[in-house]
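A.B. asks:
Number of protein chains: 4
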Amino acid sequence: MDALLQDIVRQCRPYGALGKVANYIPELSKADPDKLGLCLIDSEGSMHCAGDWQDYFTMQSVIKTLILLLALMDSGIGRVRSLVGVEATGKPFDTFNYSDQALTGANINPMVNTGAIALCTLIHGETYGEKFRRLLELTRYLSGDDTLEVDEAVYRSEKATGNKNRALAYMLKAYGMVSDDADEILECYFRACSIKANCAALARIALVFAHHGRDVTTGEQRFAPIYARYVNATLMTCGMYDGSGEFALRGGFPAKSGVGGGIMGVVPGRMGIGVFAPALDKKGNSLAGVNALELLSEALELSVF
Amino acid sequence: MDALLQDIVRQCRPYGALGKVANYIPELSKADPDKLGLCLIDSEGSMHCAGDWQDYFTMQSVIKTLILLLALMDSGIGRVRSLVGVEATGKPFDTFNYSDQALTGANINPMVNTGAIALCTLIHGETYGEKFRRLLELTRYLSGDDTLEVDEAVYRSEKATGNKNRALAYMLKAYGMVSDDADEILECYFRACSIKANCAALARIALVFAHHGRDVTTGEQRFAPIYARYVNATLMTCGMYDGSGEFALRGGFPAKSGVGGGIMGVVPGRMGIGVFAPALDKKGNSLAGVNALELLSEALELSVF
Amino acid sequence: MDALLQDIVRQCRPYGALGKVANYIPELSKADPDKLGLCLIDSEGSMHCAGDWQDYFTMQSVIKTLILLLALMDSGIGRVRSLVGVEATGKPFDTFNYSDQALTGANINPMVNTGAIALCTLIHGETYGEKFRRLLELTRYLSGDDTLEVDEAVYRSEKATGNKNRALAYMLKAYGMVSDDADEILECYFRACSIKANCAALARIALVFAHHGRDVTTGEQRFAPIYARYVNATLMTCGMYDGSGEFALRGGFPAKSGVGGGIMGVVPGRMGIGVFAPALDKKGNSLAGVNALELLSEALELSVF
Amino acid sequence: MDALLQDIVRQCRPYGALGKVANYIPELSKADPDKLGLCLIDSEGSMHCAGDWQDYFTMQSVIKTLILLLALMDSGIGRVRSLVGVEATGKPFDTFNYSDQALTGANINPMVNTGAIALCTLIHGETYGEKFRRLLELTRYLSGDDTLEVDEAVYRSEKATGNKNRALAYMLKAYGMVSDDADEILECYFRACSIKANCAALARIALVFAHHGRDVTTGEQRFAPIYARYVNATLMTCGMYDGSGEFALRGGFPAKSGVGGGIMGVVPGRMGIGVFAPALDKKGNSLAGVNALELLSEALELSVF
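Protein chains in written order, with my numbering: chain A, 339 to 643; chain B, 339 to 643; chain C, 339 to 643; chain D, 339 to 643.
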């Protein structure tokens with residue numbers, strides 16, 4: 339297995355030169371496009387790693403997975419589902435192109451920015467500071483990594499350049515989908531996107547989803563199985579932006595990417611995977627990361643199809 | 339002439355019951371739907387009025403006419419034209435439905451909110467407070483009414499509920515079309531929309547546009563003729579929201595409406611008209627106002643076609 | 339006047355090299371991009387010409403003007419207006435991008451292909467062959483040119499490559515806006531687009547519109563003034579495709595262009611103009627033609643604004 | 339197992355009254371909304387049925403599954419993938435709303451009409467008659483039901499009312515995506531949609547997909563495993579129209595619905611399912627059918643997530 343992972347890393351590292359590090363958040367553009375890390379944990383809890391798997395990067399959209407989970411845990415499926423739909427939009431993740439001005443929950447999903455921003459309001463907490471702290475705690479808890487923290491430089495960069503997200507938040511307010519202060523919601527969202535993790539952390543979080551909320555080492559049920567299925571299904575249809583259909587073909591399992599270069603892969607009943615490679619394809623998915631997951635899927639027959 | 343105007347007011351007043359007073363700005367919903375005022379000033383400066391022509395109301399989108407004019411006077415046609423296009427959008431005035439995320443100047447015009455907000459940045463002034471004061475002064479100057487002021491209650495109401503405009507302003511920032519602080523730009527824009535005027539004031543402003551910047555009573559040239567033509571042409575194709583095509587048929591001259599119920603009509607070379615009736619049709623144009631202008635156009639052959 | 343026209347032709351001929359002859363209809367791509375003709379007829383019936391004003395070209399979208407007129411004459415304003423709206427779409431002339439599948443009359447106008455195809459059904463005639471013959475006769479009658487005929491090669495080329503128009507016609511059927519056989523309607527439409535005219539013919543047609551249906555030489559009223567106003571207003575807001583707003587600024591009078599390179603200009607109460615120059619700008623308007631009309635408008639103060 | 343299926347049928351039959359039988363194809367509107375059939379075949383080939391599982395109905399969009407398969411078998415993944423993409427569109431299955439007129443393969447998928455029509459061109463055959471016969475033979479072969487035939491009345495009804503599909507076919511031609519005669523392609527497509535099947539036939543086809551092309555009873559490999567994965571993945575993300583995301587949550591396995599009321603469910607490695615209930619929800623999926631599959635999924639833990 340270790341040889342396989344190292345082989346995959348070796349084969350896929352050259353993709354770094356073909357992709358493009360995210361530059362709309364200036365701080366992200368400093369990433370090294372040649373980085374590639376891979377970490378896999380199986381049902382027995384055995385971890386296999388290769389490449390730059392210990393490097394930390396900001397989770398960016400990967401955190402949408404946990405925003406959705408925490409909203410489900412705090413507010414239940416009914417409220418989550420009525421606020422934010424579950425259909426792929428056929429559009430880029432940060433689109434504001436809603437026809438006939440009809441922005442409704444049915445037209446967004448938890449994996450596009452609009453949906454994730456809206457779901458922040460369903461996380462419990464007196465203040466958005468508290469909501470964020472609870473999200474960070476959940477991330478640490480599921481990843482088993484207590485050192486996870488916000489990358490302050492990336493956070494400031496997100497905040498400084500996050501005008502499209504501000505536009506989306508005010509659209510949500512304009513259509514009565516959220517009522518809280520836009521700046522406070524965004525503060526929580528920008529901080530969430532800026533949480534640093536590494537491949538091992540993503541793999542451990544993914545492993546819990548893969549086992550429907552159960553920790554395979556302790557046997558402890560960390561959250562309801564139904565929430566895991568909700569998240570996994572959503573990742574399958576919407577997790578890889580408007581490249582989710584292609585990833586269903588190439589990878590064949592639920593996954594969530596972020597423009598920081600991370601991808602969290604959930605193989606139901608079998609394993610959790612974390613990948614990191616900051617150079618992205620045109621849709622915002624890690625180019626080397628997707629290719630690595632495709633090779634891994636072929637080698638280990640990970641496709642659920 | 340006075341008999342004609344009174345007859346028109348009498349005929350059109352019942353439309354108040356068929357339209358709907360704007361309610362997305364709570365303060366506007368207090369307007370009396372039965373109000374109808376009409377004022378007309380001809381090339382000799384003779385003024386004819388009927389109905390509630392002395393009533394004050396907030397200009398709302400009518401002020402877009404003067405935002406465009408002042409941007410032209412301060413920054414010139416080149417800069418105005420490159421920031422904001424001149425084509426009808428085929429969409430509601432407050433749309434954020436820009437396909438493929440491609441918000442460019444070519445896809446907006448000075449008479450939709452996005453365009454008017456953008457043009458505020460081309461008005462001269464150290465601060466947005468100063469920009470606004472210069473706009474208010476221009477409005478007073480052209481209307482000959484020094485008492486024009488902001489309706490503070492409406493302004494606060496606009497500001498409190500202006501989330502769609504906030505979304506539009508942040509979209510402009512996200513696409514690099516404006517760089518100033520969104521809140522400051524909007525402060526100027528919300529105040530501008532809240533300037534109170536009456537039919538006489540609108541008619542006097544319109545009269546100057548009708549005579550290409552020249553004051554017919556003093557002979558003074560108040561702004562360059564080319565700016566008047568720019569504004570008049572833009573009103574013709576975009577002034578009545580996505581009902582501009584229909585008004586070209588029914589009225590046949592440049593006009594600008596506002597959700598406060600006012601319409602400013604410019605009959606090139608002939609007259610300036612102000613109408614006020616707060617109940618609106620589905621597109622946001624004063625229902626009784628449009629009907630009054632149609633009757634007036636037929637009676638006096640005002641169509642330029 | 340003749341010197342002015344010749345000067346304008348000399349100044350504008352170089353634009354031929356900057357535009358692009360239409361090539362989506364193969365036969366049109368054979369046009370000579372250096373051609374430029376100009377013809378103007380005033381209220382006294384005096385004709386002034388310059389350049390290639392005698393050259394024949396296919397009317398293409400210019401014929402939409404007469405399709406609308408004949409539909410109005412045959413079926414009245416009520417039926418025309420309820421089938422096809424009058425608002426600019428903000429989209430290219432051959433778009434099929436109708437949001438939420440809601441193709442309704444309100445979202446199209448007589449100057450986009452969808453609208454013009456729909457209006458063919460309102461022309462009287464037992465068969466579409468007869469409808470077309472009546473349209474051709476009207477074109478000959480208004481232009482005073484009995485030699486006007488279909489360019490058979492262009493017609494066959496249009497028919498062979500007119501798949502987008504076929505798509506639009508079937509959309510109209512799918513939404514219940516037309517019920518006749520799509521092929522027959524299109525036969526009429528393709529033939530209409532392929533009628534050859536020259537600048538003199540366009541100028542004479544325009545002159546009748548400019549005088550509200552009256553023939554200035556004979557004094558005869560050829561059609562109701564209200565139909566002329568309907569057409570003129572529609573040309574102002576929609577006649578130059580999604581460049582109508584810009585032409586309102588630069589030319590300032592109703593005009594209709596075609597991808598054959600012709601433009602018909604209507605200056606209400608004053609003159610009719612025909613221009614021809616086959617190299618087009620990006621929106622499908624004759625590049626040299628628009629520039630020639632702009633110069634003419636400045637020199638003779640033709641803007642209605 | 340049989341008790342379970344009967345219980346599900348009993349529980350779900352009332353949904354027939356809440357949905358709506360398809361009426362845009364007149365012949366389909368004659369279906370009995372109270373019908374509900376269910377058939378399930380497991381990996382050992384054991385078949386379990388309940389309700390109206392022997393009733394025949396037209397496959398409609400369910401046949402898109404086999405159009406895709408046959409295009410893959412005949413032309414390979416490369417050509418299929420380059421002609422038609424794999425991303426959910428976020429739009430209804432028969433939309434022609436393509437922004438900026440940019441209809442490209444990347445914006446469609448094999449499960450929307452435009453994509454399925456395009457894929458007909460990749461099926462081998464000298465004529466479209468032959469292409470269709472090969473498709474019908476494949477359908478009979480995989481279903482093991484040699485009696486499958488076209489429902490001629492439905493076919494004629496589809497053809498008579500298929501104007502939206504004609505519009506889509508001409509769009510494909512206009513954008514150079516297909517070059518064959520539109521009427522011939524549609525003849526094949528309309529016939530394909532009109533093939534009658536019953537729940538047992540759908541379940542047997544699904545079973546082959548569930549076992550990656552292998553016939554579990556004979557062990558014979560009927561088509562390449564990679565094509566099964568391609569189809570299954572596409573069904574997961576796009577098979578239930580713009581309700582695919584919701585079905586991923588509720589059912590959790592690849593499935594394809596048709597407006598005839600049929601749904602084919604593929605549970606990879608485990609079973610094939612056929613359901614039939616003609617009353618549809620707003621997105622065009624069988625209402626009782628989806629509910630039945632949800633109950634079945636819960637009872638047998640069929641979700642792949």
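All residues carry an ideal CB built from backbone N, CA and C; glycine is no exception.
Quick caveat: nothing in here was measured; it's all calculated off a predicted structure.
How many angstroms separate the CA atom of residue 518 of chain C from the CA atom of residue 503 of chain C?
C.D. replies: Cα-Cα distance, rounded: 15 Å.
A.B. asks: Please decide whether residue 511 of chain D counts as near chain C, where near means a Cβ-Cβ distance under 8 Å.
C.D. replies: Cβ-Cβ to chain C under 8 Å: yes for residue 511 of chain D.
A.B. asks: Tell me the rounded alpha-carbon separation between residue 456 of chain A and residue 561 of chain C.
C.D. replies: Cα to Cα, the separation comes out at about 59 Å.
A.B. asks: By alpha-carbon positions, which one of A/550, A/426, A/611 and A/587 ends up nearest to residue 576 of chain A?
C.D. replies: Taking only the C-alpha atoms, the option nearest residue 576 of chain A is A/426.
A.B. asks: Can you check whether the CB of residue 544 of chain B is closer than 8 Å to the CB of residue 523 of chain B?
C.D. replies: No, Cβ-Cβ distance for residue 523 of chain B and residue 544 of chain B is not below 8 Å.
A.B. asks: Would you kindly report the start and end of the unbroken alpha helix (DSSP H) that includes residue 469 of chain B?
C.D. replies: Here the alpha helix (DSSP H) through residue 469 of chain B covers 466-481.
A.B. asks: So, are the CB atoms of residue 601 of chain B and residue 583 of chain B less than 8 Å apart?
C.D. replies: For residue 601 of chain B and residue 583 of chain B, no; Cβs fall outside 8 Å.
A.B. asks: Using a Cβ-Cβ cut-off of less than 8 Å, list which residues of the region 584-601 of chain B approach chain C; keep chain order.
C.D. replies: Those would be 584, 586, 587, 590 and 592, in chain order.
A.B. asks: For residue 479 of chain B, is the beta carbon positioned less than 7 Å from some heavy atom of the ligand PLP?
C.D. replies: Among the components of this structure there are no ligands whatsoever, and the ligand PLP is therefore not found.
A.B. asks: Given a cut-off of 8 Å on the beta-carbon distance, is the pair residue 640 of chain A and residue 546 of chain A in contact?
C.D. replies: Cβ atoms of residue 640 of chain A and residue 546 of chain A: not closer than 8 Å.
A.B. asks: Against residue 580 of chain A, what residues of chain D qualify as contacts under a CB-to-CB distance less than 8 Å, listed in chain order?
C.D. replies: In chain order: 425.
A.B. asks: Going by the DSSP bridge assignment, what does residue 534 of chain A pair with across the sheet?
C.D. replies: Residue 534 of chain A is bridged to A/396.
A.B. asks: Check for me: the alpha helix (DSSP H) holding residue 561 of chain C runs from which residue to which?
C.D. replies: Element bounds for residue 561 of chain C: n/a, residue is neither H nor E.
A.B. asks: Given that residue 502 of chain B touches chain A, what residues does it touch there, using C-beta distances under 9 Å?
C.D. replies: The contacting residues are 439, 508, 509, 511, 512 and 513.
A.B. asks: Can you check whether the C-beta of residue 456 of chain B is within less than 8 Å of a C-beta belonging to chain A?
C.D. replies: Cβ-Cβ to chain A under 8 Å: no for residue 456 of chain B.
A.B. asks: Taking 8 Å as the cut-off, decide whether the C-beta atoms of residue 375 of chain B and residue 613 of chain B are in contact.
C.D. replies: Going by C-beta atoms, residue 375 of chain B is nearer than 8 Å to residue 613 of chain B.
A.B. asks: Compute the distance between the beta-carbons of residue 458 of chain C and residue 531 of chain C, then report whether it is under 8 Å.
C.D. replies: Not a contact, by the Cβ cut-off of 8 Å.
A.B. asks: Go ahead and pull the three-state DSSP assignment for residue 614 of chain C.
C.D. replies: The answer is strand: DSSP assigns residue 614 of chain C an E or B state.
A.B. asks: If contact is defined by three or more beta carbon pairs under 8 Å, each pair taking one atom from either stretch, is the region 359-377 of chain D in contact with the region 556-572 of chain D?
C.D. replies: Taking 8 Å as the limit for Cβ pairs, the verdict is that the region 359-377 of chain D does not touch the region 556-572 of chain D.
A.B. asks: Could you work out which residue in C/408, C/350, C/448 and C/474 is closest to residue 422 of chain C when comparing CA atoms only?
C.D. replies: It is C/448.
A.B. asks: Helix, strand or coil for residue 402 of chain C, going by three-state DSSP, please let me know.
C.D. replies: Three-state DSSP puts residue 402 of chain C in a helix.
A.B. asks: Going by DSSP in three states, residue 369 of chain C sits in which element: helix, strand or coil?
C.D. replies: It is coil, neither helix nor strand.
A.B. asks: Going along chain B, which residues have a C-beta under 9 Å from residue 417 of chain C?
C.D. replies: In chain order: nothing, as chain B lies at least about 15 Å away.
A.B. asks: Strictly under 8 Å for the Cβ-Cβ distance: is residue 505 of chain D near chain C by that measure?
C.D. replies: Interface residue, yes.
A.B. asks: What residues in the region 398-409 of chain A bring their beta carbon closer than 8 Å to a beta carbon of chain D?
C.D. replies: Cβ contacts with chain D come from no residue of the region 398-409 of chain A.
A.B. asks: Report yes if the C-beta distance between residue 454 of chain B and residue 402 of chain B is below 8 Å; otherwise report no.
C.D. replies: Closer than 8 Å, so yes.
A.B. asks: Report the rounded CA-to-CA distance for residue 415 of chain B versus residue 405 of chain B, giving the unit in angstroms.
C.D. replies: Residue 415 of chain B and residue 405 of chain B: Cα-Cα distance of roughly 13 Å.
A.B. asks: Measure how close the beta-carbons of residue 400 of chain C and residue 595 of chain C come, nearest whole angstrom, since I'm counting them as under 8 Å.
C.D. replies: Indeed they touch by this definition, with Cβ atoms about 7 Å apart.
A.B. asks: When you compare the CB of residue 546 of chain A with every CB in chain D, is at least one pair closer than 8 Å?
C.D. replies: Not an interface residue.
A.B. asks: Spell out the partners DSSP gives residue 624 of chain B in its beta bridges.
C.D. replies: Beta-bridge pairing links residue 624 of chain B to B/618.
A.B. asks: Residues in the same chain with beta-carbon distance under 6 Å from residue 605 of chain D, minus the five sequence neighbours each way, listed in chain order, please.
C.D. replies: Cβ within range, chain order: 548, 591 and 640.
A.B. asks: Quick one: grab the DSSP three-state call for residue 340 of chain D.
C.D. replies: It is helical.
A.B. asks: Taking the continuous beta strand (DSSP E) assigned at residue 604 of chain C, which residues delimit it?
C.D. replies: Start and end: 600-605.
A.B. asks: Based on DSSP bridge pairs, tell me the residues matched to residue 379 of chain A.
C.D. replies: According to DSSP, which records beta bridges pairwise, residue 379 of chain A is partnered with A/385 and A/610.
A.B. asks: When the distance is taken between beta carbons, is residue 578 of chain D closer than 8 Å to residue 629 of chain D?
C.D. replies: No. Outside cutoff.
A.B. asks: Hey, out of D/418, D/491, D/551 and D/608, whose CA is closest to residue 515 of chain D's CA?
C.D. replies: Residue 515 of chain D has its Cα closest to that of D/418, out of D/418, D/491, D/551 and D/608.
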